[in-house]
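Going by the working numbering, the residue at position 173 of the sequence shown is 185; the numbering climbs one at a time, nothing skipped. The C-beta atom is built at its ideal place from N, Cα and C for all residues, glycine as well.
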Amino acid sequence: MTMLEEKVVVVTGAGGGIGRTIAVLAAAEGAAVVINDAGVSPSGEGSSATPAEETKAMIEAAGGRAVISTESVADWNSAQRIVQMAMDHFGRIDGIVNNAGILRDVIFHKMTIDDWQSVINVHLNGSFYVSRAAAEHFRRQQSGAYVHMTSTSGLIGNFGQANYAAAKLGIAALSKSIALDMGRYNVRSNCIAPFAWSRLTGTIPEKTPEEKARVERIKRMTPDKNAPLSVYLLSDHAKPVTGQIFATRMNEILLMGQSRPLRSVHRGEGWSPETIAEHAMPALAASFVRMDRSADVFCWDPI
Numbered sequence: 013m014t015m016l017e018e019k020v021v022v023v024t025g026a027g028g029g030i031g032r033t034i035a036v037l038a039a040a041e042g043a044a045v046v047i048n049d050a051g052v053s054p055s056g057e058g059s060s061a062t063p064a065e066e067t068k069a070m071i072e073a074a075g076g077r078a079v080i081s082t083e084s085v086a087d088w089n090s091a092q093r094i095v096q097m098a099m100d101h102f103g104r105i106d107g108i109v110n111n112a113g114i115l116r117d118v119i120f121h122k123m124t125i126d127d128w129q130s131v132i133n134v135h136l137n138g139s140f141y142v143s144r145a146a147a148e149h150f151r152r153q154q155s156g157a158y159v160h161m162t163s164t165s166g167l168i169g170n171f172g173q174a175n176y177a178a179a180k181l182g183i184a185a186l187s188k189s190i191a192l193d194m195g196r197y198n199v200r201s202n203c204i205a206p207f208a209w210s211r212l213t214g215t216i217p218e219k220t221p222e223e224k225a226r227v228e229r230i231k232r233m234t235p236d237k238n239a240p241l242s243v244y245l246l247s248d249h250a251k252p253v254t255g256q257i258f259a260t261r262m263n264e265i266l267l268m269g270q271s272r273p274l275r276s277v278h279r280g281e282g283w284s285p286e287t288i289a290e291h292a293m294p295a296l297a298a299s300f301v302r303m304d305r306s307a308d309v310f311c312w313d314p315i
């Protein structure tokens, strides 16, 4: 038996990069796959069925089963049709991989409302819409698995990505909420923060020696390194695993922390602005979270 035998999964953004490698491996492990990809540019313009068709050809050449959806995840009704395609063609839905994404990187004080809304709509709203479309099916059959792509840009931080970081950190919270709300129906929800060179990371600037060195490190981390964990989390072998955030970095799998209290101060008579300045902040300052970026935390070469 393969890991996903007789299962049906939807992979959004499956026309290339990480999404394609997940779709191909899921099919190789026995799943019927709905390949969802609108074929837009990295910033969200245009449309084309070609990327999804290329993924489908790869799956079918290896003897797998797949159908194509070119619907946008950023629309409620379109998301319903993406999931319904699984029901219409394969009769069920067992897993969702929320991978579709775009980038509109720009420094915060120059970010436009369109830059903000476009990224939020695809990443955060899209993850909710597609997840919600599958939720009733999962509840009725008392099983299902979600895998959401988050990012260290949201979990840790990066320059020029306020829209992307906010969406990706929101996805982590969405995943945890799904895990809590739907655990009673044997539905699991987990996140992966992937490291990989792709069309989106291909937009990272390479102006300084430090930026060039960072890009060279990322280029070593190919998209396929993220597929095995994604397929595992979709499988029945992952039944005990829910509400977690993982990172995949070449051959490393990391379990990421989630927000918990770090330190507290107490004053029996209560606080005033003055006593906070004099006592509370100096006592807490040693435990402040540093202003790190993702590259500062993940500073070693991928292994």
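Coarse secondary structure for residue i, derived from DSSP in three states
{"i": "Ser81", "result": "strand"}
{"i": "Ala157", "result": "strand"}
{"i": "Val301", "result": "coil"}
{"i": "Val277", "result": "coil"}
{"i": "Val253", "result": "coil"}
{"i": "Val118", "result": "coil"}
Burial state of residue i, where buried means 16 or more other Cβ atoms lie within 10 Å
{"i": "Asp308", "result": "exposed"}
{"i": "Ile125", "result": "exposed"}
{"i": "Cys203", "result": "buried"}
{"i": "Met303", "result": "exposed"}
{"i": "Ser189", "result": "exposed"}
{"i": "Asn89", "result": "exposed"}
{"i": "Phe102", "result": "buried"}
{"i": "Met233", "result": "buried"}
{"i": "Met13", "result": "exposed"}
{"i": "Ala35", "result": "buried"}
Presumed contact (8 Å Cβ cut-off) between residue i and residue j, rounded CB distance
{"i": "Ala205", "j": "Met268", "result": "7 Å"}
{"i": "Val131", "j": "Ala179", "result": "6 Å"}
{"i": "Phe140", "j": "Leu186", "result": "6 Å"}
{"i": "Met97", "j": "Val45", "result": "At roughly 11 Å, the Cβ-Cβ gap does not stay under 8 Å, so Met97 and Val45 are not in contact."}
Residue i - partner residues in DSSP beta bridges
{"i": "Phe258", "result": "Ile204 and Leu267"}
{"i": "Thr24", "result": "Asn48"}
{"i": "Asn110", "result": "His160"}
{"i": "Val134", "result": "Bridge partners of Val134: none, in fact."}
{"i": "Val227", "result": "Answer is none; Val227 lacks a bridge partner."}
{"i": "Val199", "result": "Gly156"}
Inter-residue Cα distance where the pair is residue i and residue j
{"i": "Gly51", "j": "Ile114", "result": "11 Å"}
{"i": "Ala43", "j": "Ala157", "result": "13 Å"}
{"i": "Ala184", "j": "Gly28", "result": "23 Å"}
{"i": "Val159", "j": "Gly255", "result": "10 Å"}
{"i": "Leu37", "j": "Ala78", "result": "12 Å"}
{"i": "Tyr244", "j": "Asn137", "result": "25 Å"}
Residue i beta carbon near the ligand SAH (any heavy atom closer than 7 Å)
{"i": "Ser55", "result": "Absent from the structure shown: the ligand SAH. Ligands present: none."}
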